[in-house]
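Heads up, the thing below is written out as structure tokens.
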Amino acid sequence: MKKGFDVFVGIFSVIGILLFVIPGVYLLFSTSPASLFSAVKDDEFLRAVGVSLSSATLSTLLILLFGTPLAYVLSRSEFPLRGLLENLLELPVAIPHSVAGVAILNFFGRGAFMGKILSLLGFQVYGTLTGIVIAMAFVSAPYFIGSLKEGLRQLPQEYEKISYSLGRGRFYTFFKVLLPMTKGHLLKGLILSWGRAVSEFGAVMVVAYFPMTSTVFVYERLETMGIRATLPYAVLLFLITGFVFLFLRILWGKYAESKGFEG
Numbered sequence: 447m448k449k450g451f452d453v454f455v456g457i458f459s460v461i462g463i464l465l466f467v468i469p470g471v472y473l474l475f476s477t478s479p480a481s482l483f484s485a486v487k488d489d490e491f492l493r494a495v496g497v498s499l500s501s502a503t504l505s506t507l508l509i510l511l512f513g514t515p516l517a518y519v520l521s522r523s524e525f526p527l528r529g530l531l532e533n534l535l536e537l538p539v540a541i542p543h544s545v546a547g548v549a550i551l552n553f554f555g556r557g558a559f560m561g562k563i564l565s566l567l568g569f570q571v572y573g574t575l576t577g578i579v580i581a582m583a584f585v586s587a588p589y590f591i592g593s594l595k596e597g598l599r600q601l602p603q604e605y606e607k608i609s610y611s612l613g614r615g616r617f618y619t620f621f622k623v624l625l626p627m628t629k630g631h632l633l634k635g636l637i638l639s640w641g642r643a644v645s646e647f648g649a650v651m652v653v654a655y656f657p658m659t660s661t662v663f664v665y666e667r668l669e670t671m672g673i674r675a676t677l678p679y680a681v682l683l684f685l686i687t688g689f690v691f692l693f694l695r696i697l698w699g700k701y702a703e704s705k706g707f708e709g
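End of the sequence shown = 709 in this note's numbering, gap-free, step of one.
Right, here's the structure in full:
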């Protein structure tokens, strides 16, 4: 019986590796060094990569700024419809991201109320870097908020009470006690959000085809030049984003290990 189970698990694990691991590894060996060298000199591709990396970083900072207090409210406060709000915040993970892009344009577009407010502040959403950042933040925020919220919920409220009993205010307690004690969850959420943002395609393409991000660039090359001509760009993008993400994950892992919790 044990042998039969081992065979079952082994076969399905191999199939899982073929489905979820090998396609990415196989991509790395699907083009020549000469093609990669030619692609890396393509100014349009480099600009697109720059747009993606900068937009993902800005969106992550935006999530950090507004998602941190929101995670605190959801973890520490009881109010009507809190469960509904939590589900709505997680919805971008499930809905088609082209729909997310339409939702953003509908709310922040030129004719919308929020769009008019942004216009007064000198910002436009459609076809701009601002739109790309908002689109990336919209689909990536659930990862950060969920991670930090979970960390705050695991933290006993006695720490806050002790801080208050020592005469510390709520701002001090939040920034000097709670956030440092949940730094692991905060950093993990930022890494996951950045990784999700830099890979976003659907919402970004709807909101701003230009300035072109790296994901839209690869799609445009695939549509106009075919898969063989697209492979060098896909491999480079795989390597660039993969290296940055793995580097951040390694830093996170070392931090988690030094603090004695699972990374």
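By construction, the Cβ of each residue, glycine as well, lies at the ideal position given by its N, Cα and C atoms.
With a cutoff of 7 Å on beta-carbon distance, E536 and P588 are scored as near each other. Between the alpha carbons of I608 and L636 lies a gap of roughly 28 Å. In the three-state reduction of the DSSP assignment, S459 falls in the helix class. With distances taken between CA atoms, G597 lies nearest to L520 out of L520, G547, T661, R614. When the five nearest sequence neighbours on each side are left out, the beta carbons in the same chain lying within less than 6 Å of the beta carbon of K595 are those of A517, L520, S521, in order along the chain. The segment 570-586 makes contact with the segment 644-657: 3 or more CB pairs, one atom from each, lie closer than 8 Å. Contact check for S476 against L677 passes: the beta carbons are separated by less than 7 Å.
Runs of the alpha helix (DSSP H) spanning 4 or more residues and lying entirely within the segment 536-618 occur at 543-554, 559-566, 575-600, 604-611, in chain order. Under the 10 Å beta carbon count, M671 is surrounded by fewer than 16 other beta carbons and is classified as exposed. Under the Cβ criterion (8 Å, minimum of three pairs), the segment 655-666 counts as touching the segment 483-503.
Taking C-beta atoms as the reference points, V644 and A485 fail to come closer than 7 Å.
Pairing V495 with P538 gives a Cβ-Cβ distance that is not under 7 Å. Under a 10 Å Cβ-count criterion, E646 is classified as buried, with 16 or more other Cβ atoms of the shown protein chains found around its own Cβ. Pairing I463 with L567, the inter-Cα distance amounts to about 49 Å. Taken in chain order, the complete alpha helix (DSSP H) segments of 4 residues or longer contained in the segment 620-676 are 629-644, 648-653, 660-671. Spatial neighbours of Y572 in its own chain (CB-CB distance under 8 Å, excluding positions within 5 residues in sequence) are listed in chain order as L551, G555, R556, V653, A654. Counted as a single uninterrupted DSSP element, the alpha helix (DSSP H) harbouring F512 occupies residues 489-522. Secondary structure note for L474: its alpha helix (DSSP H) is the uninterrupted segment 468-474.
Per DSSP, reduced to three states, the secondary structure at L692 is helical. For F451, the secondary structure class from DSSP, reduced to helix, strand or coil, is helix.
If you draw a straight line from the Cα of A702 to the Cα of R642, it comes to about 21 Å. Following the DSSP letters along the chain, one finds L482 inside the alpha helix (DSSP H) bounded by residues 479-486. In this structure, F689 keeps its C-beta atom at 7 Å or more from the C-beta atom of L473. Sequence-distant partners of I686 (beyond 5 residues in either direction) whose C-beta falls short of 7 Å from its own C-beta, in its chain, are V495. Within the same chain, Cβ atoms closer than 7 Å to the Cβ of A558 are found at N552, the five residues on either side in sequence being excluded.
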